[in-house]
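*Asks:* Encoded as structure tokens, here's the structure I'll be asking about.
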């Protein structure tokens, strides 16, 4: 399938090459933090084709289907358009590509998407129960509870629609799709991976806390002020590139 | 014991050599995914002796008894016939060989068998409680609940019989033998290892979900359509070798 | 920002260099023992500027904000005064620096501070429930229950004040800040890291024990004698440097 | 302290050297299987001084106090007599040496002792509740429930006495000392390490099973036959060195 990027300008082809490297490297974070087993889980990032044009013309880079985490190389990553159609790559894209593509088509501010079946997040999803905001790091990162998305079958736009409907207008970069698992979004793939790591971390900690009693909710105005501070205090000054947020 | 493969045709001896390498390598997946401690757990794969003949004449390659995971080499793997009798190898075969052999004798479609005592799967087995199908990845991989097999003592065909009686006609490639642990099957050893990884993963996730309430069952027709899609959608097209299934 | 240590005597600059190395190395213990994910968690150590002077003039070495655990080098560590103001280093100090600095200003005996969001300790903190002393290793290390600190917002001295008010006069080197996570102290950073490892260990073990019933309290006089022995028996004799305490 | 082995025959000095290597290597199994944090946990092995003489004259090799798992070398291991008095080595022996020594003095058949604070075993110990025999691998390895030992303070022979009183005449190679943690024994240190790994494994699995209901007991005659088979079937035939037992 080599050559299908031929019609794209040079700067896009270069951007695709850099994104392939980044996405391959970020996949390694999923097993590192215990979020996936076997070949499960996928990370994608948007490639902007024409900053002035409609984002629907953009591309996305994602893991191919069924490749193990030992085999992930920049070359094995695949490129699709935002309808999920393969544009460049030697293998079929992940079977979750349609959901990623739907998110990129409908949320132009999203630059990265991650999907895992991480244990604790998926456990809340199987009960369709949002994770209550009882930790300062949840207030920082998620700005409140972590919401549940609808049950949706794979095969059409149902999953993507469920993600977008739940996250549009929400502070949370994570949605727990019912009976399925978490999807996370961010301005780029790294931010979405961080959200995937954090959603499992808080899902686990709140689960453990709830096992022996009822964790104490943080008052809403404290949640609001923690979230506002966390979103605003970083990356200021000096015209330097935005500093990564942290809360510990 | 060298030389006991002498009576077998060259192509079988070559197949045994390749299978020894594969089975040695696949054993490393068991500690990697946290399914075993110490020397526990075993993987085997069938070697077809005569594709036209009865499968009872086939061989199997399995881990020897009591060898640690650091010592596993292709050479240390042992070869047995389908009565569990040692054919080639310098050590006694795993004490679970009789169960593996029984499955191969009675399920000609099975090419790989795995046994572990992985924590969460074994915990369900100790309560003799099937794992309910509340995750889309369970519907994909297991097609429904993960069933319980009977209590059986080691030493005769009881364990093998329990596995075959439970899995014959079932969608599930995994059985949780009561008070004992999971056995998984597949068309080859890699598929059976994947099933062993997945059965622990879903046993853990559903366990965690149940700790704080009742996970929501997926409706049967959704289970059926997820299973049908997952089993059929992969490996199609282009005459390429069947693509590995994935569900994330 | 190079040169801001210029006004300090040579022995302080050398001490800062050694402390940077130590603090960088000790940060690696946090992911090693599973206490942190992503860039969370921080370790600091005090640098004594003038042993005869007020400890308020001392410095502290801490992790910069938002740096991953793979990037931690002695050079990337930053130096602050005890008001939390950056003295030397190319990045902003951790957002928790104010809390560390408050502890050093108000507890002159403290030479190291650690903060994590380790799962089990944070789970007790979310319920605002002290960990009861039901293990001999808790009596050894903590001398009783592990206490809860108040809810406090980041941004002023509230967190530092909560730590100091809870730990001053307490045997415990660890406080679980409500809805937030553990802070630990020690005569140096290594001791504070050890306390961070141990608080998670006992928080987990007591959690697990409580899941199936009520663990048995150790009688107070036994707690007292275990604590007294553990604090006094080590580091004696031969004029050798104090031997590290252990309890197993 | 060099030279204190001078009075011992050459074959003993050689045996000590080999035992130091073995004991150093076996300590690495404790963090590998997640049984210890920081410097906790210890492994010892008996050195027979005169096979015809009283075992009270034997020596033991054990980890020194407070050494991290990264620093463990054969040279750092220390040698004590069976009163726990240091015979050879540059550091103080583990503070648990008295307990190990008491076991060797009073159970001549014991050649190895291990102590950890592994999470799940210690959790049962904190409730003083034996682990019920609900897994075939428990029947194999422990021959029944895993018993609880008394509460005992460190500093005299109380711990050693509690271990010996509980394990003498028991099938179980493991005792859960109340509020403290597991001690395991074996014919040599490797067998005691294996028992330490297995006691945590079964303590965890039975804990998990009990979280969602009551695991099913294995009938006593089945326990007896599994135990008898497991203890007798291995290491037979061919005059070869006893094959390591396994049950999976």
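Residue numbers (UniProt numbering), protein chains in the order written: chain H, 1 to 248; chain Y, 1 to 248; chain S, 1 to 248; chain E, 1 to 248. Positions of the beta carbon are idealized from the N, C-alpha and C atoms, including for glycine.
(1) Using a Cβ cut-off of 7 Å (strictly closer), state whether residue 127 of chain H contacts chain Y.
(2) Which of helix, strand or coil does DSSP assign to residue 68 of chain E?
(3) Nearest-angstrom Cα distance between residue 188 of chain H and residue 151 of chain H?
(4) Do you know offhand how far residue 90 of chain E's Cα is from residue 106 of chain E's?
(5) Check the Cβ-Cβ distances between residue 240 of chain H and every residue of chain S, and say whether any is below 7 Å.
(6) Excluding the 5 residues preceding and the 5 following residue 226 of chain E in the sequence, name in chain order all residues of the same chain whose CB lies nearer than 7 Å to its CB.
(7) What is the DSSP secondary structure of residue 84 of chain H, counted as helix, strand or coil?
(8) Is the stretch 183 to 203 of chain Y in contact with the stretch 108 to 116 of chain H, if contact means three or more CB pairs nearer than 8 Å?
(9) If the criterion is Cβ atoms closer than 7 Å, does the pair residue 185 of chain S and residue 67 of chain S meet it?
(10) Tell me whether residue 115 of chain E sits in a helix, a strand or coil according to DSSP, three-state version.
(11) Quick one: what's residue 30 of chain S bridged to in DSSP?
(12) Give me the subset of the stretch 113 to 124 of chain E whose CB atoms are less than 8 Å from a CB atom of chain S, sorted by chain position.
(13) Cα separation between residue 103 of chain Y and residue 94 of chain Y?
(14) Across the stretch 118 to 134 of chain S and the stretch 194 to 214 of chain S, are there enough close Cβ pairs to call them in contact, namely three or more that are closer than 8 Å?
(15) Please list the partners that residue 62 of chain Y has in chain E, where partner means a Cβ-to-Cβ separation under 8 Å.
(16) Taking the alpha carbon of residue 32 of chain S as the point to measure from, which residue in S/155, S/200, S/214 has its own alpha carbon closest?
(17) Under 9 Å between beta-carbons, which chain Y residues line up against residue 100 of chain H? List them in chain order, please.
(18) According to DSSP, is residue 177 of chain H part of a helix, a strand, or is it coil?
(19) Look up residue 146 of chain E in the DSSP assignment and give the residues it is bridged to.
(20) Roughly how many whole angstroms lie between the Cα atoms of residue 72 of chain S and residue 210 of chain S?
(21) Identify, in the order they occur along the chain, each residue of the same chain with its Cβ nearer than 8 Å to the Cβ of residue 16 of chain E, setting aside the five sequence neighbours on each side.
(22) Just to confirm my understanding: we take residue 167 of chain Y, look at its own chain, exclude 5 residues before and 5 after, and list those with CB closer than 7 Å. What are they?
(23) First and last residue of the beta strand (DSSP E) that includes residue 46 of chain E?
(24) Which residue from Y/222, Y/171, Y/156, Y/212 puts its Cα closest to that of residue 147 of chain Y?
(25) Output, in sequence order along the chain, the residues in the stretch 203 to 223 of chain S whose CB is closer than 8 Å to any CB in chain E.
(26) Just mark residue 279 of chain E as buried or exposed, buried being the case when its beta carbon has 16 or more other beta carbons within 10 Å.
(27) Any C-beta of chain H within less than 8 Å: which residues of the stretch 23 to 53 of chain S qualify?
(28) Answer with buried or exposed for residue 14 of chain Y, where buried requires no fewer than 16 other C-beta atoms within 10 angstroms of its C-beta.
(29) Going by C-alpha distance, which of S/69, S/221, S/18 is nearest residue 36 of chain S?
(30) Using a Cβ cut-off of 8 Å, which residues of the stretch 141 to 168 of chain Y contact any Cβ in chain E, in chain order?
(31) Taking 7 Å as the CB-CB limit, is residue 251 of chain S close to chain E?
(32) Just the C-alpha distance for residue 215 of chain Y and residue 169 of chain H, rounded to the nearest angstrom, thanks.
(33) Count the other CB atoms, across all protein chains shown, that sit within 10 Å of the CB of residue 10 of chain Y; report buried if there are 16 or more and exposed otherwise.
(34) Considering Cα atoms alone, identify which of Y/20, Y/100, Y/43, Y/22 is closest to residue 56 of chain Y.
(35) I'd like to check one pair, residue 117 of chain Y with residue 250 of chain Y: are the Cβ atoms closer than 7 Å?
(36) Closest Cβ-Cβ distance between residue 136 of chain H and chain S: below 7 Å?
*Replies:* Looking at the coordinates:
(1) Looking up residue 127 of chain H in the first chain gives position 127. True, the Cβ-Cβ gap to chain Y drops below 7 Å.
(2) Translated into positions along the fourth chain, residue 68 of chain E becomes position 68. Here residue 68 of chain E sits in coil by DSSP.
(3) What you label residue 188 of chain H is simply residue 188 of the first chain in a count that begins at 1. What you label residue 151 of chain H is simply residue 151 of the first chain in a count that begins at 1. Cα-Cα distance, rounded: 26 Å.
(4) Along the fourth chain, read from residue 1 onward, the residue named residue 90 of chain E stands at position 90. Along the fourth chain, read from residue 1 onward, the residue named residue 106 of chain E stands at position 106. Each residue's Cα considered, the two are about 27 Å apart.
(5) On the first chain, position 240 is the one that residue 240 of chain H refers to. Note that residue 240 of chain H scores a pLDDT of 37, beneath 50, so its modelled location is shaky; the value from the coordinates is reported in the next line. No, no contact with chain S.
(6) Start at 1 with the first residue of the fourth chain, and residue 226 of chain E comes out as number 226. Around residue 226 of chain E: 136, 139, 140.
(7) Translated into positions along the first chain, residue 84 of chain H becomes position 84. DSSP places residue 84 of chain H in coil when its eight states are reduced to three.
(8) Verdict: no, contact absent.
(9) In the third chain, residue 185 of chain S corresponds to position 185, counting from 1. In the third chain, residue 67 of chain S corresponds to position 67, counting from 1. No, the Cβ-Cβ distance between residue 185 of chain S and residue 67 of chain S is not below 7 Å.
(10) By one-based count along the fourth chain, residue 115 of chain E stands at place 115. Looking at residue 115 of chain E - three-state DSSP - the assignment turns out to be strand.
(11) Here residue 30 of chain S corresponds to residue number 30 of the third chain, with the count starting at 1. None, per the DSSP bridge assignment.
(12) 115, 116, 117, 119, 120, 122, 123, 124
(13) Start at 1 with the first residue of the second chain, and residue 103 of chain Y comes out as number 103. Start at 1 with the first residue of the second chain, and residue 94 of chain Y comes out as number 94. Rounded to the nearest angstrom, the two C-alpha atoms are 15 Å apart.
(14) Between the stretch 118 to 134 of chain S and the stretch 194 to 214 of chain S there are three or more C-beta pairs closer than 8 Å, enough to call the two in contact.
(15) Position 62 of the second chain, counted from the start, is the residue given in the question as residue 62 of chain Y. Chain E residues near residue 62 of chain Y: none, gap ~12 Å exceeds 8 Å.
(16) To locate residue 32 of chain S, count along the third chain from 1; it is residue 32. Nearest of S/155, S/200, S/214 to residue 32 of chain S, Cα basis: S/200.
(17) Position 100 of the first chain, counted from the first residue, corresponds to residue 100 of chain H. Residues of chain Y passing the Cβ test: none, with the nearest at roughly 12 Å.
(18) Numbered from 1 along the first chain, position 177 holds the residue referred to as residue 177 of chain H. Here residue 177 of chain H sits in strand by DSSP.
(19) For the purposes of this step, residue 146 of chain E is taken as the residue at position 146 of the fourth chain. According to DSSP, which records beta bridges pairwise, residue 146 of chain E is partnered with E/131.
(20) In the third chain, the residue the question calls residue 72 of chain S occupies position 72. In the third chain, the residue the question calls residue 210 of chain S occupies position 210. The alpha-carbon of residue 72 of chain S is positioned some 38 Å away from that of residue 210 of chain S.
(21) Here the question's residue 16 of chain E lines up with position 16 in the fourth chain. Excluding sequence neighbours, residue 16 of chain E sits near 5, 8, 47, 59, 61, 79, 88.
(22) By 1-based counting over the second chain, the position of residue 167 of chain Y is 167. The answer, listed in chain order, is 175, 185.
(23) The residue labelled residue 46 of chain E in the question sits at position 46 within the fourth chain. That run of the beta strand (DSSP E) goes 42 to 47.
(24) Mapped onto the second chain, residue 147 of chain Y falls at position 147. Among Y/222, Y/171, Y/156, Y/212, the Cα nearest to that of residue 147 of chain Y is on Y/171.
(25) Contact annotation: in the stretch 203 to 223 of chain S, residues whose CB is within less than 8 Å of a CB in chain E are 204, 205, 206, 208, 209, 211, 212, 213, 214, 215, 216, 218, 222.
(26) Outside the shown range of chain E (1 to 248) lies residue 279 of chain E, about which nothing can therefore be said.
(27) Those would be 36, 37, 38, 39, 40, 41, 42, in chain order.
(28) The residue labelled residue 14 of chain Y in the question sits at position 14 within the second chain. Residue 14 of chain Y should be labelled exposed.
(29) Residue mapping note: residue 36 of chain S aligns to position 36 of the third chain, counting from 1. Of S/69, S/221, S/18, the residue nearest in Cα terms is S/69.
(30) Close to chain E, meaning a Cβ-Cβ distance shorter than 8 Å, are the following residues of the stretch 141 to 168 of chain Y: 151, 153, 154, 155.
(31) Missing from the structure shown is residue 251 of chain S; chain S here goes from 1 to 248 and no further.
(32) Stepping through the second chain from its first residue, residue 215 of chain Y is reached at position 215. Stepping through the first chain from its first residue, residue 169 of chain H is reached at position 169. In this structure, the straight-line span from the alpha carbon of residue 215 of chain Y to that of residue 169 of chain H is close to 28 Å.
(33) Mapped onto the second chain, residue 10 of chain Y falls at position 10. Residue 10 of chain Y is exposed by the Cβ-count criterion.
(34) As a first step, residue 56 of chain Y is located in the second chain; it is residue number 56 there, counting from the start. Looking at the Cα atoms, Y/100 is the closest of the given residues.
(35) Past the boundaries of the shown model lies residue 250 of chain Y; chain Y is included only from 1 to 248, so the question cannot be answered.
(36) Locating residue 136 of chain H in the first chain gives position 136, counting from the first residue. Residue 136 of chain H counts as touching chain S.
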